[in-house]
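Right, one structure below, let's go through it.
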Amino acid sequence: MAACRRVQLLLLFMSLSARFWFTQGAKSQGGVNENLVDNADVGKNPGASLQEGKLVAAAAAASQPRRSTGWKLAEEEACREDLSRLCPKHSWNNNLAVLECLQDRKEDTEISTDCNHLLWNYKLNLTTDPKFESVAVEVCKSTINDIKECAAEERGKGYLVSCLVDHRVNITEYQCNQYITKMTSIIFSDYRLICGFMDKCKDDINILHCGSVNTGEKDVHSQGEVIACLEKGLVSEVEEQAAPYSIKEDCKKAIMRVAELSSDDFHLDRHLYFACRDDRERFCENIAAGEGRIYKCLFNHKFEDTMSAKCREALSTRQKLIAQDYKISYSLAKACKQDLRKYRCSVDTTLPRAREAKLSYLLLCLESAVHRGRTVSGECQGEMLDYRRMLMEDYSLSPEIVLHCRGEIDTHCSGLHHKGRTLHCLMRVSRDKGIMDNLCQKALQTLIQETDPGADYRIDRALNEACESVIQTACKHIRSGDPMILSCLMEHLYTDKMVEDCEHRLLELQYFISRDWKLDPILYRKCQNDAARICHTHGWNETSEFMPPGAVFSCLYRHAYRTEEQGRRLSRDCKTEVQRILHQRALDVKLDPDLQRRCMTDLGKWCSEKTEPGQELECLQDHLEDLGSDCRDVVGNLTELESEDIQIEALLIRACEPVIQSYCHDMADNQIDTGDLMECLVLNKHQKEMNEKCAVGVTHFQLIQMKDFRFSYKFKMACKEDVLKLCPNIKKKVDVVICLSTTVRNDTLQDVKDQRVSMKCRRQLRVEELEMSEDIRLDPDLYESCRQDIKEHCQNVLYGNAQVIECLKDTKKRLYPRCHQKVFKLQEKEMIDPELDFQLMRVCKQMIRRFCSESDAKNMLQCLKQNKNSELMDPKCKQMITKRQITQNTDYRLNPVLRKACKADIPKFCQPILNKATDDNELEGQVISCLKLKYADQRLSPDCEDQIRVILQESALDYRLDPQLQMQCTEEIPRLCAEEVAAQEQTGQVEECLKVNLLKIKNEACKKEVLNILKESKADIFVDPVLHTACALDIKHQCAAIPPGRGRQMSCLMEALQDKRVRLQPECKKRLQDRIDMWSYAAKVAPAEGFSDLATQVLSSPAKSYILTMMGMCVVLLFLMGLLCGRITKRVTQELKDRSLGHPCTVCGLHSQARNRKDYTPLN
-18 MAACRRVQLL LLFMSLSARF WFTQGAKSQG GVNENLVDNA DVGKNPGASL QEGKLVAAAA
42 AASQPRRSTG WKLAEEEACR EDLSRLCPKH SWNNNLAVLE CLQDRKEDTE ISTDCNHLLW
102 NYKLNLTTDP KFESVAVEVC KSTINDIKEC AAEERGKGYL VSCLVDHRVN ITEYQCNQYI
162 TKMTSIIFSD YRLICGFMDK CKDDINILHC GSVNTGEKDV HSQGEVIACL EKGLVSEVEE
222 QAAPYSIKED CKKAIMRVAE LSSDDFHLDR HLYFACRDDR ERFCENIAAG EGRIYKCLFN
282 HKFEDTMSAK CREALSTRQK LIAQDYKISY SLAKACKQDL RKYRCSVDTT LPRAREAKLS
342 YLLLCLESAV HRGRTVSGEC QGEMLDYRRM LMEDYSLSPE IVLHCRGEID THCSGLHHKG
402 RTLHCLMRVS RDKGIMDNLC QKALQTLIQE TDPGADYRID RALNEACESV IQTACKHIRS
462 GDPMILSCLM EHLYTDKMVE DCEHRLLELQ YFISRDWKLD PILYRKCQND AARICHTHGW
522 NETSEFMPPG AVFSCLYRHA YRTEEQGRRL SRDCKTEVQR ILHQRALDVK LDPDLQRRCM
582 TDLGKWCSEK TEPGQELECL QDHLEDLGSD CRDVVGNLTE LESEDIQIEA LLIRACEPVI
642 QSYCHDMADN QIDTGDLMEC LVLNKHQKEM NEKCAVGVTH FQLIQMKDFR FSYKFKMACK
702 EDVLKLCPNI KKKVDVVICL STTVRNDTLQ DVKDQRVSMK CRRQLRVEEL EMSEDIRLDP
762 DLYESCRQDI KEHCQNVLYG NAQVIECLKD TKKRLYPRCH QKVFKLQEKE MIDPELDFQL
822 MRVCKQMIRR FCSESDAKNM LQCLKQNKNS ELMDPKCKQM ITKRQITQNT DYRLNPVLRK
882 ACKADIPKFC QPILNKATDD NELEGQVISC LKLKYADQRL SPDCEDQIRV ILQESALDYR
942 LDPQLQMQCT EEIPRLCAEE VAAQEQTGQV EECLKVNLLK IKNEACKKEV LNILKESKAD
1002 IFVDPVLHTA CALDIKHQCA AIPPGRGRQM SCLMEALQDK RVRLQPECKK RLQDRIDMWS
1062 YAAKVAPAEG FSDLATQVLS SPAKSYILTM MGMCVVLLFL MGLLCGRITK RVTQELKDRS
1122 LGHPCTVCGL HSQARNRKDY TPLN
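Residue numbers for the sequence shown follow the numbering used here, so the first one is -18 and each next one is one higher.
Written out as structure tokens, the structure is:
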């Protein structure tokens, strides 16, 4: 029976000869095979008598050069009618041509039972009669001698012909080859003619109701149907978990061997031949039979709309058999034979023998060799490509899919069988819904591993068709079939070049590729050495590796961003590929298996409505504090990684491309990012090239960074040791920044020689503080405190550019106390360090370069104030400086220069005001007003006097810089000075208007403020800009030698006014006279309240010399008069004393004189 088993191998080589026979059989005039069958007398008694002497005559006729006139099938009465109806007349003289014509007839035609029976016995005698071997011995004598196995076969049992068929590929003798070819067609027209098949499968045929095995009860069509029925039973058994019946192993082997032997010529698969005969003519008319070419052609057209359902079903059955045993594909087995042997794909002793024959095992084994850079023949790779595409097109060819995914297919994917749509539907269910059975998920993953579409996108027909237009436009520079096509498509995901259908198919496939590192051939090849060296995964790229799919890549990306000091770094090529994968994963959280697995619950809880690209990860980052511990860890690690290499955020980088090209291309070109690119984007966030998407993305990343200082790579690396030492247990970045900046501030104020915060940390801390000043959301404490105020007062103000912060400053008086306090603290901080005032720095950027390029950052505002009135000053910057001056004058604490200069004066003169003050609310200029009055009294220290003089000069030009005046005269200013306010000239016209209309001011508090202004103007002419402007020329001529301050120049002008020899300018003279009148009125309406106030007024008066002189003269005069009066009084008194004591006559004499007067009245 050894030869009988070899018969099953014969059909690997029969298609070429069968085709030859069909075209040549009827016309052959002297061929040996024609003589043979013509003289095989099997006609009249189709029973055992056919096995007698006729065959001997046929053997003898083989040596004749011409065909003899032997027995003809065409002459038999049983087949004459069918022959004349179905077969062309020229074939009647050739029994083999007649046999082929009748057994290959159209499906819808019938032949008589007697003819069927005649044909059956004829074929049986041809193949089983031992005497028939003599023909083979005669025709193939030299071939038999060359093939030792055939020469050793026992004669007389029909085994010789089977052996010759088995070795037909080695037969070079023409006549022998033709003879053997015809014999194979005869043998495989009926399963009962195949040696041993009926014995092995008799019981299975009956149990499965595949037909009867009794001779004569079935026609030739039904005999092919029997094998087809058994094949379907075999396929169904694999696809069903609990099959009702299991075919015996011997029969299984026989079925598979029959399929294998018919693999080169589709004529030999009788059921498929009849089912697809018309389709072959339609689709494969010009394809020559043999070597499996017709099969492959029909496979390629399987899902054409014009393909018949019966042929499609037959093709699917054969494909399923190929999936069970690759040798059933003639072309694949032949093309890959040497490669299978070379890479030992059939000698894996750890696997069962049946596994080695499976198509999946062959594909995985050879794919592994290709990925490792081994050489696999081009012919074999071509065949592999065809069958990988075949498996991706039709899910039913994978029994595990059919078995484990039946429920998912029925529920979600019914009616999508064609062109790989069902598989993509299952991928979509797994990716989007997450409700797939584990076994189905595993089956899908296994199929993707087997087909390996990552190596060649063309394997996935659904993807290929959906993305064809994108590939032609966006990826046309890449060779067709290159693995980089998929990467190119991923790079253009969510761009204008991407189409929706391609986007869906691509993400469905990438979902599975991302879960197995072996499915990315470029990563596979570039990182295998690194994986073995760093991750200790020796043999990680072998198909027998059992390490979890994500473990290797996780190990690689943990080492991708190590510094040289940390060691164990990836090679350059491997790091590039790891970065590429990370960039792709950032496009969709579902492409990151670890992230999706750990965060599935949190995604459903917090981010169910976030469906746009990239929103899910942003949502998880936004809710970082609310996530479960596992999810929080993985999101935190990913965010930390993004901070080091923001290019991982592919969507953000794509949106920011214009800004990167204009300002950050150097950073983007660096392979090692280390946070430089994001820092550059932040610095240029408000450039004109910045679009909304980029700005939103950059701001979002800044906001996420505030949740943990580790999310700012440069800050983390610069300050890691300082944080551990000075700010332990603090995690939030804003708290860390406050902690470190407070430490720096304290050390600076205390003049500590060795500051506790390192220099590199201080530098980076400065960067972080500047970034935080740009958006209120980057200061979570301030933002939360003012959230309600923002909603009420700044609802339509955009975040960024510190616009919301500026809005809050502008509406500060209407803010709730908590927000008001926070804004005040912020302003105090900004005034100490103007660089943190984002709006000021932005608006005055050019002016700072022009006027303050050499100034220290702490003195930036002071420098701008000094150059505020320059002709070159930008109006917008000037306006911003004025706003900051107004703010400073509301509270001395917001003016660090004044605060320092008047450190001793403030508590000395203004303590009552300080006693009423709170830490976080403005004093509305009360302390500064107090100091102004003391300036007028000339009682301030020199440093403080200098600063108050500056404030007085500035507020004299712009009434808005005097908060007390503005607050007390809120109603009077628009009523009396509307034109001056509208002019906005800021030359002191509003103050002048109030002075002129002093008598019309009804509000006593406002009047008092104006009087204070008048009082202050006596102390220094610079405080009165209108008067100073009018008298500038006279000051130059008359008072050039007089130093300014303490009323000296004002006194000089007053003396000049009194001096008739001096002629002042008319305007100056008029203004001086007006001031004198105003001062006089002020003295009347506001007289001195005491000696101290009077002395102060005199001392502060411009005419104090005159007043003091006059007062001195009065005092001297009074003294002299008093002295004179004292002398006279003393003399009279002495005389009276003398008279009363020593001269009584004197008194009598006086009385005597009195009596002589007429008006004398004597005393009683």
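Think of the CB as a built atom: it goes at the ideal place given N, C-alpha and C, for glycine as much as any other residue.
Limits of the alpha helix (DSSP H) - the one that E752 falls within: Your numbering for residue 752 matches position 771 in the sequence shown. That run of the alpha helix (DSSP H) goes 740 to 753.
First through last residue of the alpha helix (DSSP H) which encompasses M841: Looking up residue 841 in the sequence shown gives position 860. Note, M841: alpha helix (DSSP H), 841 to 847.
Run of the alpha helix (DSSP H) containing W1060, from where it starts to where it stops: As a position in the sequence shown, residue 1060 is number 1079, starting the count at 1. It spans 1047 to 1066 - the alpha helix (DSSP H) in which W1060 sits, taken as one unbroken run.
With 16 as the cutoff for other CB atoms within 10 Å, does E623 come out buried or exposed? As a working mapping, residue 623 is identified with position 642 in the sequence shown. It counts as buried.
K556 (DSSP reduced to helix, strand or coil): As a position in the sequence shown, residue 556 is number 575, starting the count at 1. Helix at K556.
Could you tell me whether the segment 498 to 513 touches the segment 553 to 566, using the rule of 3 or more Cβ pairs below 8 Å? yes
Integer-rounded CB distance, given that K591 should sit under 8 Å from C580: The residue you call residue 580 lines up with position 599 of the sequence shown. The residue you call residue 591 lines up with position 610 of the sequence shown. Actually they do not touch by this definition, with Cβ atoms about 12 Å apart.
Here's a check: name, in chain order, each residue in its chain whose Cβ is nearer than 6 Å to the Cβ of C891, leaving out the five neighbours to either side. Residue numbering aside, residue 891 sits at position 910 when the sequence shown is read from its first letter. V908, C911.
Using only the alpha-carbon positions, how far apart do S450 and M408 sit? As a first step, residue 450 is located in the sequence shown; it is residue number 469 there, counting from the start. As a first step, residue 408 is located in the sequence shown; it is residue number 427 there, counting from the start. About 22 Å.
Could you tell me the distance, in whole angstroms, from the CA atom of D259 to the CA atom of C278? Residue numbering aside, residue 259 sits at position 278 when the sequence shown is read from its first letter. Residue numbering aside, residue 278 sits at position 297 when the sequence shown is read from its first letter. Each residue's Cα considered, the two are about 13 Å apart.
Is A269 helix, strand or coil by DSSP? Here residue 269 refers to the residue found at position 288 when the sequence shown is read from its first residue. A269: coil per DSSP, three-state reduction.
Going straight from the alpha carbon of R906 to that of A676, what length do you get? The residue you call residue 906 lines up with position 925 of the sequence shown. The residue you call residue 676 lines up with position 695 of the sequence shown. It is worth fixing the name first, because residue 906 is Gly in this sequence and not Arg. Those two C-alpha atoms are separated by around 39 Å.
CA nearest to the CA of Q686, picked from K714, S851, K864: Sequence index remark: in the sequence shown, residue 686 carries index 705 (1-based). Ranking K714, S851, K864 by Cα distance to Q686 puts K714 first.
Tell whether a beta-carbon distance below 7 Å holds between A295 and A256. Walking along the sequence shown from the start, residue 295 turns up at place 314. Walking along the sequence shown from the start, residue 256 turns up at place 275. Taking 7 Å as the Cβ cut-off, A295 and A256 qualify as a contacting pair.
So the alpha helix (DSSP H) A256 belongs to, where does it begin and stop? Position 275 of the sequence shown holds residue 256. 251 to 264 is the extent of the alpha helix (DSSP H) around A256.
Where M1094 falls, given that 16 or more other Cβ within 10 Å makes a residue buried: If you number the sequence shown from 1, residue 1094 lands on position 1113. It counts as exposed.
Given a cut-off of 7 Å on the beta-carbon distance, is the pair G678 and A636 in contact? One-based indexing of the sequence shown puts residue 678 at position 697. One-based indexing of the sequence shown puts residue 636 at position 655. For G678 and A636, yes; Cβs fall inside 7 Å.
Evaluate contact between the segment 784 to 793 and the segment 822 to 837, counting only Cβ atoms and requiring at least three cross-stretch pairs below 8 Å. no
Candidates H405, I786, K897, of which the one nearest E755 by Cα: For this step, residue 755 is matched to residue 774 along the sequence shown. Ranking H405, I786, K897 by Cα distance to E755 puts I786 first.
Mapping the DSSP letters down to three states, classify R1171 as helix, strand or coil. The structure shown does not extend to residue 1171, since the chain is modelled only from -18 through 1145, so no value can be given for it.
So, with DSSP's three-state summary, where would you put M671? Start at 1 with the first residue of the sequence shown, and residue 671 comes out as number 690. Of the three classes helix, strand and coil, the one that applies to M671 here is coil, per DSSP.
Round the Cβ separation of Q745 and C700 to the nearest angstrom and send it over; I've been treating them as touching at under 8 Å. Position 764 of the sequence shown, counted from the start, is the residue given in the question as residue 745. Position 719 of the sequence shown, counted from the start, is the residue given in the question as residue 700. About 6 Å; that satisfies the 8 Å criterion.
Taking the alpha-carbon positions, what's the N984 to C950 distance? One-based indexing of the sequence shown puts residue 984 at position 1003. One-based indexing of the sequence shown puts residue 950 at position 969. One C-alpha to the other measures close to 8 Å.
In terms of residues, what are the limits of the alpha helix (DSSP H) holding G1146? Because the chain here runs from -18 to 1145, residue 1146 falls outside it and cannot be looked at.
Any 3 or more C-beta pairs closer than 8 Å across the segment 221 to 240 and the segment 177 to 193: yes
On the three-state DSSP scale, how would you describe H282? Along the sequence shown, read from residue 1 onward, the residue named residue 282 stands at position 301. Coil.
Using the beta-carbon count (16 or more within 10 Å), is C1106 buried or exposed? Translated into the one-based positions of the sequence shown, residue 1106 becomes position 1125. Per the 10 Å Cβ criterion, exposed.
Would you give the residue range spanned by the alpha helix (DSSP H) that P225 belongs to? Along the sequence shown, read from residue 1 onward, the residue named residue 225 stands at position 244. First-last for P225: undefined, no H or E at that position.
Less than 7 Å between the beta carbons of E431 and S297, yes or no? Here residue 431 refers to the residue found at position 450 when the sequence shown is read from its first residue. Here residue 297 refers to the residue found at position 316 when the sequence shown is read from its first residue. No, the Cβ-Cβ distance between E431 and S297 is not below 7 Å.
So E752 and Q683 are in contact, right, with Cβ under 8 Å, and what is the actual spacing, rounded? Taking the sequence shown and counting its residues from 1, the one referred to as residue 752 is at position 771. Taking the sequence shown and counting its residues from 1, the one referred to as residue 683 is at position 702. The Cβ separation is near 6 Å, so the contact holds.
Measure the beta-carbon distance from C456 to L470 and round it to whole angstroms, keeping in mind my assumption that it falls under 8 Å. Stepping through the sequence shown from its first residue, residue 456 is reached at position 475. Stepping through the sequence shown from its first residue, residue 470 is reached at position 489. At roughly 7 Å, the Cβ-Cβ gap stays under 8 Å, so C456 and L470 are in contact.
7 Å Cβ cutoff met for A649 and A567: Working through the sequence shown from its first residue, we reach residue 649 at position 668. Working through the sequence shown from its first residue, we reach residue 567 at position 586. Cβ distance not < 7 Å, so A649 and A567 don't count as in contact.
Going by the CB atoms, is the gap between L404 and L444 shorter than 7 Å? Position 463 of the sequence shown, counted from the start, is the residue given in the question as residue 444. Position 423 of the sequence shown, counted from the start, is the residue given in the question as residue 404. Not closer than 7 Å, so no.
Considering only the beta carbon of each residue, do M237 and D306 sit closer than 7 Å? The count along the sequence shown starts at 1 and reaches residue 237 at position 256. The count along the sequence shown starts at 1 and reaches residue 306 at position 325. Contact flag set, yes.
Identify the continuous alpha helix (DSSP H) that holds R880 and give its terminal residues. Working through the sequence shown from its first residue, we reach residue 880 at position 899. Per DSSP, R880 belongs to the alpha helix (DSSP H) from 877 to 882.
I'd like the list of long-range same chain contacts for S535, defined as Cβ closer than 8 Å, with 5 residues on each side in sequence excluded. Position 554 of the sequence shown, counting from 1, holds the residue named residue 535. D575, listed in sequence order.
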